[in-house]
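Be aware that the sequence shown starts at 1, since it is given in this note's numbering, and climbs by one per residue.
Heads up, the thing below is written out as structure tokens.
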Amino acid sequence: MSVTYETQGFRLDNSGRRLVVDPVCRIEGHMRVEVNVDAQNVIRNAVSTGTMWRGLEVILKGRDPRDAWAFVERICGVCTGCHALASVRTVEDALGIKVPLNAHLIREIMAKTLQVHDHAVHFYHLHALDWVDVVNALKADAKRTSELQQLVSPSHPMSSPGYFRDIQNRLRRFVESGQLGPFSNAYWGSKAYVLPPEANLMATAHYLEALDLQKEWVKIHTIFGGKNPHPNYLVGGVPCAINMDGDLAAGAPINMERLNFVKARIDEIIEFNRNVYVPDVLAIGTLYKQAGWLYGGGLSALNVADYGTYERTPYDHSTQQLPGGVVLGGNWDEVLPIDPRDPEQVQEFVTHSWYKYGDGNNDKGLHPWDGVTEPDYQLGPNAKGTKTAIEQLDEAAKYSWIKAPRWRGHAVEVGPLARYIVGYVHASKGNKYCQRVKDQIDAAAVAINSGIPKALGLPETQFTARQLLPTTIGRTLARSLEGQYAGEMMLDDWNSLVANIKSGDRSTANVEKWDPSTWPKEAKGVGTVAAPRGMLGHWIKIKDGRIENYQCVVPTTWNGSPRDAKKQIGAFEASLMDTPMVNPEQPVEILRTIHSFDPCLACSTHVMSPDGQELANVTVR
């Protein structure tokens, strides 16, 4: 049955051909996308579905709150530590625990390590292949690629023609063998790719460079947290002792040698972001902008939100270097305050989700402290197929394992782009702690409009930040800028940590309230983190020393939400609206925009078939 309606400035029409992408690959977890395209192959309806449920909120009931971090950290094997950090913060908030300065700084370094590692891995190993035609790189001239590298980033040492020729030869061996390895199962040759061969070769080389470097960066987690993934955390601080010059100092988790190792990794991060990651995104974004591809903004042009993060002074939110708030209705002149404790602000709806809140309450929004996670898997009357073999979903009914969180009833986009829009507005209003955000965005706009076009002999443009940022390109750019900023902040944290240790402070944990006998009979708390994919919140209720209720609202819950009781669409669905497709059978445009969010649906381990069987298919109905 054909349905047409308007919401949030979008006109949805499901009368056209139905395109199904299932599963969406190169993400964390399991996801399905269905869209309707009109006669001109423009997307007029979008349906985003989370197709897995793990139920960790249910598993945690009745457990010791001090153990919660170890369970929720397993929500994801990629954005791992951010859930642990949110968990210890929510317990500390409930019990009134403040951590020592050393613990705060170590947690900051660990959180930012995750940020820079996740962003670089996401772009080069998950998302770049939506922009870069790897096979087309075989047509590149190595000398011209070297010249392009030196134009885009003259400081990068690996830029000789011989270097790129070697990369090209390695790639050719892959292609000629018929086994593309990590580059298989893509739509090489699609006209949706617009980069010249030299840009494709340059980006492919950096794919391999990032592959080598990222494994070094996460060693920071092993120093402070014992391992990666899933580093160790501790309610009240961090589980690593500082021993600079006492007995057995050589084997201590934190000594001067280990701190110097961390410093070397931070230097690598800063250099790679400055010489490779940010220049690559700017160059690719410029070339796609020149081709007119400024789609995928969706809700980012309207409503964005973040809780705020990275306090210069612990527990002083006014010193956040990425301050929080909500920009509503595309009004960049105002940031509205956000409070995760307020039951009127953060609510989750399940009208179109495979959960139930009880008789007559399915259309009601619940604050996470009062959240209910009870599955209710049923397909709508207009769905096609069966529960175990869905052919087409019925978006008028329940159609996703993702709930629909809303801020004061509004669907919002979260993530690096949201943080950077909010930060840009704060900086424009004089906030001294986030001026770096504005400087980065303004410099990027100059590079995209004039710097890179002039260097490449292309026409200059006059796009504003407000035009460039709310796009798929802008979302990808913001992630790279945040990675750069996080690396710079890590250096500040490291210097502060070393200075504090030199002053004689060796404390890494506050254990005054470790004993449950010191706790109140009932308590509740909230912990927030700037996860790589957006604002993350954990909420806990404690009763008689045990977890009574625990709820996580993760970034992809915000972005990947289905429709709500008012039929409002979430960020994934909104981002696809009105996007033209070159070839519906090769949905590069869908993958490009969805991947720009770096979706993390619960997140599970992916399995690659060793025999090369088809793992994903696209169906046009």
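Backbone N, C-alpha and C fix where the C-beta goes; we use that ideal spot for every residue, glycine too.
Note that the structure is predicted; figures quoted are calculated from it, not measured.
What residues in its chain sit with their C-beta under 8 angstroms from that of residue i, if we drop five residues either side in the sequence?
i	result
Ser190	Asp133, Val582, Asn583, Gln586 and Val588
Asp363	Phe349, Thr351 and Ala565
Lys227	His221
Gln347	Gly365, Leu366, His367, Pro405, Arg406 and Gly409
Gln613	For Gln613, the predicted structure reports a pLDDT of 44, less than 50, and the residue's modelled location is therefore unreliable. A value from the coordinates is still provided. Taken in chain order, the list of residues that qualify is empty.
Which two residues bound the contiguous beta strand (DSSP E) that contains residue i?
i	result
Val35	Met31 to Val37
Thr386	Lys384 to Thr386
Gly380	Careful: Gly380 lies outside any beta strand (DSSP E) and carries neither H nor E.
Gly483	Taken as a continuous stretch (DSSP letters only), Gly483 belongs to no beta strand (DSSP E), being part of the alpha helix (DSSP H) at Thr472 to Lys502.
Whose CA, out of the options, lies closest to the CA of residue i?
i	options	result
Leu497	Asn41, Gly225, Ser160 and Ile254	Ile254
Glu344	Val175, Ser300 and His367	His367
Ile242	Leu171, Gly225, Val235 and Pro231	Gly225
Leu129	Phe597, Leu601, Leu591 and Cys600	Leu591
Trp539	Val37, Thr80, Ser87 and Pro100	Ser87
Leu481	Thr464, Gly430, Gly292 and Val281	Val281
Glu548	Glu522, Phe71, Val414 and Ser48	Glu522
Met577	Pro23, Ala210 and Ser48	Ser48
Asn45	Val235, Met31 and Glu573	Glu573
Leu477	Arg533, Ser596 and Asn382	Ser596
Ala571	Gly296, Val238 and Pro580	Gly296
Tyr560	Ser15, Glu6 and Glu34	Residue identity check: residue 560 is Gly in the sequence provided, not Tyr. When each option's Cα is compared against that of Gly560, the closest is Glu34.
Tyr424	Pro520, Ala397 and Thr464	Thr464
Glu108	Val238, Ala142 and Ile167	Val238
Gly358	Val278, Glu348, Val372 and Leu95	Val372
Ala210	Pro337, Lys403, Ile269 and Arg144	Ile269
Leu302	Gly330, Val276, Ser450 and Tyr277	Gly330
Asp333	Val422, Ala383 and Gly385	Val422
Cys552	Lys429, Leu60, Tyr5 and Ala445	Leu60
Pro600	Asp13, Arg26 and Arg170	It is Cys, not Pro, that sits at residue 600 in the sequence shown. Checked all of Asp13, Arg26 and Arg170; the closest Cα to Cys600 is Arg26.
How many whole angstroms separate the CB atoms of residue i and residue j, which I take to be in contact at a CB cut-off of 8 angstroms?
i	j	result
Tyr288	Met535	About 28 angstroms separates the two Cβ atoms, so there is no contact after all.
Leu469	Leu417	6 angstroms
Ala565	Thr351	4 angstroms
Val3	Ala396	7 angstroms
Leu299	Val412	6 angstroms
Leu95	Lys513	5 angstroms
For residue i, which beta-bridge partners are listed by DSSP?
i	result
Tyr310	BP columns for Tyr310 are empty, so no partner.
Ile254	Ile242
Lys524	Lys541
Met535	Ala530
Pro580	Val42
Leu407	The question names Leu, but residue 407 is Trp in the sequence shown. According to DSSP, Trp407 bridges with Val346 and His410.
Ala509	Gly237
Thr7	Phe10
Thr49	Arg32
Gln214	DSSP output for Gln214 lists no bridge partner at all.
Gly325	Asp306
Leu366	Glu348
Ala389	Thr386
Ser400	Ser353
Taking 8 angstroms as the cut-off, does the CB of residue i come closer than this to any heavy atom belonging to the ligand FMN?
i	result
Glu198	In the structure on display, the ligand FMN does not appear, and there are no ligands present to speak of.
Using C-beta distances below 6 angstroms, list every residue in its chain close to residue i, excluding the 5 sequence neighbours before and after it, in chain order.
i	result
Trp188	Asp133 and Val135
Asn273	Gly483, Gln484 and Gly487
Gln435	Ala427
Ile284	Trp131
Arg312	Thr319
Ser604	Residue confidence is low: Ser604 scores 29 on pLDDT, short of 50, so the model does not pin down where it sits. No coordinate-derived value is stated.
Lys567	Thr7
Val152	Pro279 and Ala283
Arg89	Gly527
His127	His595
Spatial neighbours of residue i within its chain, please: CB distance less than 7 angstroms, with the 5 preceding and 5 following residues excluded, ordered by chain position.
i	result
Asn200	Val132, Asp133, Val134, Asn136, Ala137 and Ala140
Met244	Asn255, Met256 and Ile501
Tyr315	Lys98
Arg265	Glu216, Trp217, Lys219 and Ile220
His606	Bear in mind that a pLDDT of 23 at His606, under 50, signals an unreliable position, so the number given afterwards is only what the model happens to contain. Cβ within range, chain order: n/a, list empty.
Asn617	Note that Asn617 scores 47 on pLDDT, short of 50, meaning its location in the model is unreliable and no value can be drawn from it.
Asp611	Low per-residue confidence applies at Asp611: pLDDT is 42, beneath 50, and the placement is therefore not dependable enough to give any value.
Gln115	Glu482, Gly483, Ala486 and Pro532
Leu458	Gln290
Chain D beta carbons: is any one of them nearer than 9 angstroms to that of residue i?
i	result
Pro587	Absence of chain D from the displayed structure is noted, only one protein chain being present.
Give the range of the alpha helix (DSSP H) segment to which residue i is assigned.
i	result
Gln551	Not the alpha helix (DSSP H): Gln551 falls in the beta strand (DSSP E), residues Arg546 to Val553.
Val121	Leu101 to Val121
Gln435	Gln435 to Val446
Phe224	Lys219 to Gly225
Pro161	Pro161 to Ser177
Gly16	No alpha helix (DSSP H) holds Gly16; DSSP gives it neither H nor E.
Ser146	Ala142 to Val152
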